[in-house]
Amino acid sequence: MERMHKTVVALEMKRSSSYSTSRSNRHAATLSSLYPSPSMPVMLDDYVRLAAEIEASRRQNAAMAQELARHDTD
1 MERMHKTVVA
11 LEMKRSSSYS
21 TSRSNRHAAT
31 LSSLYPSPSM
41 PVMLDDYVRL
51 AAEIEASRRQ
61 NAAMAQELAR
71 HDTD
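Right, dumping it as structure tokens:
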């Protein structure tokens with residue numbers, strides 16, 4: 001489980017760094033926030049990144065719930 005978590009974190013960091021470089025051509029004001037604003041169009045990669053963040057959060061919550069359940073039974 002620990003190895004899988006490290007792999008997920010490494011992949012997310014890799015995706016995040018490639019995402020940052022692909023967006024570096026946009027206006028400097030948009031770099032202050034990674035999330036799209038109403039003034040700029042929402043791109044598919046925005047949805048993909050947000051979906052990945054949500055999935056990572058769900059995995060983390062599931063792992064924490066399992067850990068809490070394990071501690072409660074001890």
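Residue numbering for the sequence shown follows the UniProt record's numbering, beginning at 1 and increasing consecutively. Where is the CB? At the ideal position from N, CA and C, for every residue including glycine.
A Cβ-Cβ distance of about 12 Å is found for the pair Glu12 and Ala51, leaving them out of contact under the 8 Å criterion. If you draw a straight line from the Cα of Asp72 to the Cα of Asn61, it comes to about 16 Å. Around His5, the same chain offers no residue with a beta carbon nearer than 6 Å, after the five sequence neighbours per side are excluded. Annotated as proximal: Val8 and Arg59, with beta-carbon spacing under 8 Å.
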